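**Student:** The sequence shown begins at 1217 in the numbering used here and counts up by one.
Note that beta-carbon positions come from the ideal geometry of N, C-alpha and C, so glycine has one too.
The structure presented is a predicted model; accordingly, all values stated were derived computationally and were not measured.
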Amino acid sequence: MLNFNNNIFSNFINNEIIIIANIVTIRLLENTDSFLEKEWNQLYKLSEETFVEESDSLKETAAGAGLIDND
1217 MLNFNNNIFS
1227 NFINNEIIII
1237 ANIVTIRLLE
1247 NTDSFLEKEW
1257 NQLYKLSEET
1267 FVEESDSLKE
1277 TAAGAGLIDN
1287 D
């Protein structure tokens, strides 16, 4: 479900190992979201299972930071 389809490429084709570099340039070719709309919807649906219904009694005894958030 999660999509981490990202790659890093180098223009060194002779299997060279760079020991020290004075300048390193990183160029982002595109900065787009790699998730499909369907995947975002699945993630949101999954996150809904972690939500707790809000009520004063739960605030006092269980979920949340209490009626006063002082941390």
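Suppose the cutoff is 8 angstroms on Cβ atoms and the five residues either side in sequence are ignored; what does the same chain contact list for residue 1260 look like?
**Tutor:** On the sequence shown, residue 1260 is found 44 positions in, with the first residue counted as 1. No residues qualify anywhere along the chain.
**Student:** Which residues mark the beginning and the end of the alpha helix (DSSP H) in which residue 1252 is found?
**Tutor:** Start at 1 with the first residue of the sequence shown, and residue 1252 comes out as number 36. Per DSSP, residue 1252 belongs to no alpha helix (DSSP H) and is neither H nor E.
**Student:** Rounded to whole angstroms, what's the CA-CA distance from residue 1217 to residue 1253? Just pull it up for me.
**Tutor:** Locating residue 1217 in the sequence shown gives position 1, counting from the first residue. Locating residue 1253 in the sequence shown gives position 37, counting from the first residue. With a pLDDT of 47 at residue 1217, under the threshold of 50, the predicted position of this residue should be treated as unreliable, though the coordinate-derived value follows. Cα to Cα, the separation comes out at about 12 angstroms.
**Student:** Measure the alpha-carbon distance for residue 1269 versus residue 1234 and round it to whole angstroms.
**Tutor:** Within the sequence shown, the letter at position 53 stands for residue 1269. Within the sequence shown, the letter at position 18 stands for residue 1234. Straight-line Cα distance between these residues: approximately 55 angstroms.
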